[in-house]
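The block underneath contains the structure these notes are about, expressed in structure tokens.
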Amino acid sequence: MNELKKSFQDGAFIPYIVAGDPDYKKSLEIAKKIIDAGADALEIGIPFTDPAADGPTIQKAYARSLNNGFKVKQIYQYIKEIRKYSDIPIILLTYYNIVYNQGIENFYQKTEKIGVNGVIIADMPPEESKQVTKKIKDKKINQIFLVAPTTTEKRIKTISEKGSGFIYVVSRLGVTGKRKNFQETTKKLIKKVKSNTDLPVAVGFGITKPSHVKKARKAGADGVIVGSAIVDKIEKNKKNQQITQYIKKMKQKI
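Take the sequence shown: its letter number 166 is residue 166 in the UniProt record's numbering, and every next letter is one higher.
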């Protein structure tokens with residue numbers, strides 16, 4: 001069993017941060033604090049100028065990182081720094097333009113070499129993934145795909161066949177962001193995905209409260225991904241201690 005799938009055995013709490021937000025040094029400090037607080041895996045966004053799947057909170061984080069001089073090529077050194085500190089599974093979230101501009105083979109060779117466990121290309125549907133999947137078939141990196149509320153059972157099976165590591169269940173249509181309630185439709189979606197795949201299932205988009213984590217787990221999710229709520233605390237310049245306390249509270253409900 002690969003390290004990423006293994007992290008889901010007892011339920012996985014997966015925080016998301018943007019590389020270089022609010023700046024390179026502080027971003028690394030935050031990543032280390034999040035790991036120490038009990039994260040089971042870490043999802044890291046590569047700053048991009050046109051993040052179509054992301055809401056205002058994460059868009060602003062991308063802008064802060066880029067405005068402070070973060071370059072895409074720095075992601076490799078950034079991950080290396082985290083790897084010196086921890087062997088936690090790392091998932092990169094990016095967009096196809098970034099991968100294409102780096103060179104598909106080059107991008108995956110480098111990310112594999114530095115110990116990245118999984119990659120999510122937010123704007124790459126499985127039907128258009130052949131160029132990528134054929135390049136990584138001999139690599140140890142998991143290619144992770146998104147399932148939306150509108151995804152059919154047939155397509156879920158296709159995603160399960162083409163992807164690995166886990167399936168990312170998007171809890172609602174639209175972009176990332178906070179929300180008040182955990183919807184009944186999300187519970188049904190989790191159950192639908194679980195019945196059509198053997199891969200672990202992680203739910204994200206709008207998970208902000210311990211009660212959301214508890215409900216997601218009760219519905220059958222193997223893990224939860226929390227992004228906007230954490231990025232919002234970084235934007236508001238919350239002390240690392242407040243971020244770690246939040247992580248611990250959320251983790252308790254896994």
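In this text, a Cβ means the ideal position worked out from N, Cα and C, and glycines have one as well. Values in this document were obtained by computation on a predicted structure and should not be read as measured data.
If you compare alpha carbons, which of Gly38, Gln74, Ala41, Thr94 is closest to isoleucine 58?
The residue labelled residue 58 in the question sits at position 58 within the sequence shown. Checking every option, the nearest Cα to that of isoleucine 58 belongs to Thr94.
Burial state of serine 164 (16 or more Cβ within 10 Å)
Your numbering for residue 164 matches position 164 in the sequence shown. That one is buried.
Under a Cβ-count criterion, where at least 16 other Cβ atoms within 10 Å of its own Cβ denotes burial, should aspartate 222 be classed as buried or exposed?
Your numbering for residue 222 matches position 222 in the sequence shown. Of the other Cβ atoms in all chains shown, 16 or more fall within 10 Å of the Cβ of aspartate 222; this residue is therefore buried.
With a floor of 4 residues, list each alpha helix (DSSP H) that falls wholly inside the stretch 3-82, ordered by position along the chain.
3-6, 24-36, 56-67
Nearest-angstrom Cα distance between isoleucine 114 and tyrosine 76?
The residue labelled residue 114 in the question sits at position 114 within the sequence shown. The residue labelled residue 76 in the question sits at position 76 within the sequence shown. The alpha-carbon atoms of isoleucine 114 and tyrosine 76 are separated by roughly 7 angstroms.
Among Ile30, Ile207, Lys5, nearest to isoleucine 234 - alpha-carbon criterion
Reading the sequence shown from its first residue, position 234 is the one you call residue 234. Nearest C-alpha to isoleucine 234: Ile30.
Decide if threonine 152 is buried, meaning its Cβ has at least 16 other Cβ atoms within 10 Å, or exposed.
The residue you call residue 152 lines up with position 152 of the sequence shown. Answer is exposed; the Cβ neighbour count stays below 16.
Does DSSP classify isoleucine 98 as helix, strand or coil?
Walking along the sequence shown from the start, residue 98 turns up at place 98. Here DSSP, grouped into helix, strand and coil, assigns isoleucine 98 to helix.
Under the rule that 16 or more other beta-carbon atoms within 10 Å means buried, what is glutamine 143, buried or exposed?
Numbered from 1 along the sequence shown, position 143 holds the residue referred to as residue 143. By the 10 Å Cβ count, glutamine 143 comes out buried.
What is the DSSP secondary structure of valine 116, reduced to helix, strand or coil?
Indexing the sequence shown from 1 puts residue 116 at position 116. Under the three-state reduction of DSSP, valine 116 is assigned to coil, being neither helix nor strand.
Which of helix, strand or coil does DSSP assign to asparagine 240?
Translated into positions along the sequence shown, residue 240 becomes position 240. Reduced to three states, the DSSP call for asparagine 240 is helix.
Who are isoleucine 90's beta bridge partners in DSSP?
Counting from one through the sequence shown, the residue named residue 90 turns up at place 90. BP columns for isoleucine 90 point to Leu42.
Let me confirm a value: glutamine 245 is counted as buried when at least 16 other C-beta atoms fall within 10 Å, else exposed. Which label applies?
Position 245 of the sequence shown, counted from the first residue, corresponds to residue 245. Under this definition glutamine 245 is an exposed residue.
Would you decide whether glutamate 127 is buried or exposed? Buried here means 16 or more other CB atoms lie within 10 Å of its CB.
Here the question's residue 127 lines up with position 127 in the sequence shown. Answer is exposed; the Cβ neighbour count stays below 16.
Looking only at its chain, what residues have a beta carbon closer than 7 angstroms to the beta carbon of glutamate 112, apart from the 5 residues adjacent to it on each side?
Here the question's residue 112 lines up with position 112 in the sequence shown. Once the five neighbours on either side are set aside, the close Cβ partners of glutamate 112 are Lys139, Lys140, Ile141.
At 3 residues or longer, what runs of the beta strand (DSSP E) sit wholly inside the stretch 138-171?
142-144, 167-170
Look at the alpha carbon of glycine 177 and the alpha carbon of glycine 38, and state the distance between them as a whole number of angstroms.
Here residue 177 corresponds to residue number 177 of the sequence shown, with the count starting at 1. Here residue 38 corresponds to residue number 38 of the sequence shown, with the count starting at 1. Confidence is the limiting factor: at glycine 177 the pLDDT is only 46, short of 50, which leaves the residue's position unreliable, though a coordinate-based value still follows. The straight-line gap from Cα to Cα measures roughly 23 angstroms.
Cβ of glycine 220 within 8 angstroms of Cβ of isoleucine 190?
As a position in the sequence shown, residue 220 is number 220, starting the count at 1. As a position in the sequence shown, residue 190 is number 190, starting the count at 1. Yes; because the gap between Cβ atoms is below 8 angstroms, this pair is in contact.
Output yes or no for whether 8 angstroms exceeds the beta carbon distance between tyrosine 85 and valine 18.
For the purposes of this step, residue 85 is taken as the residue at position 85 of the sequence shown. For the purposes of this step, residue 18 is taken as the residue at position 18 of the sequence shown. Going by C-beta atoms, tyrosine 85 is not nearer than 8 angstroms to valine 18.
Look up isoleucine 207 in the DSSP assignment and say whether it is helix, strand or coil.
Translated into the one-based positions of the sequence shown, residue 207 becomes position 207. It is coil, neither helix nor strand.
Would you kindly report the start and end of the unbroken alpha helix (DSSP H) that includes isoleucine 190?
Position 190 of the sequence shown, counted from the start, is the residue given in the question as residue 190. Taken as a continuous stretch (DSSP letters only), the alpha helix (DSSP H) holding isoleucine 190 covers 184-194.
One or two residues paired with glycine 220 in a DSSP bridge
As a working note, residue 220 is residue 220 in the sequence shown. DSSP, once it has assigned bridges, lists no residue as partnering glycine 220.
Return helix, strand or coil for isoleucine 121, following the three-state DSSP convention.
As a working note, residue 121 is residue 121 in the sequence shown. Strand.
For isoleucine 104, which three-state DSSP category applies?
Residue mapping note: residue 104 aligns to position 104 of the sequence shown, counting from 1. DSSP places isoleucine 104 in helix when its eight states are reduced to three.
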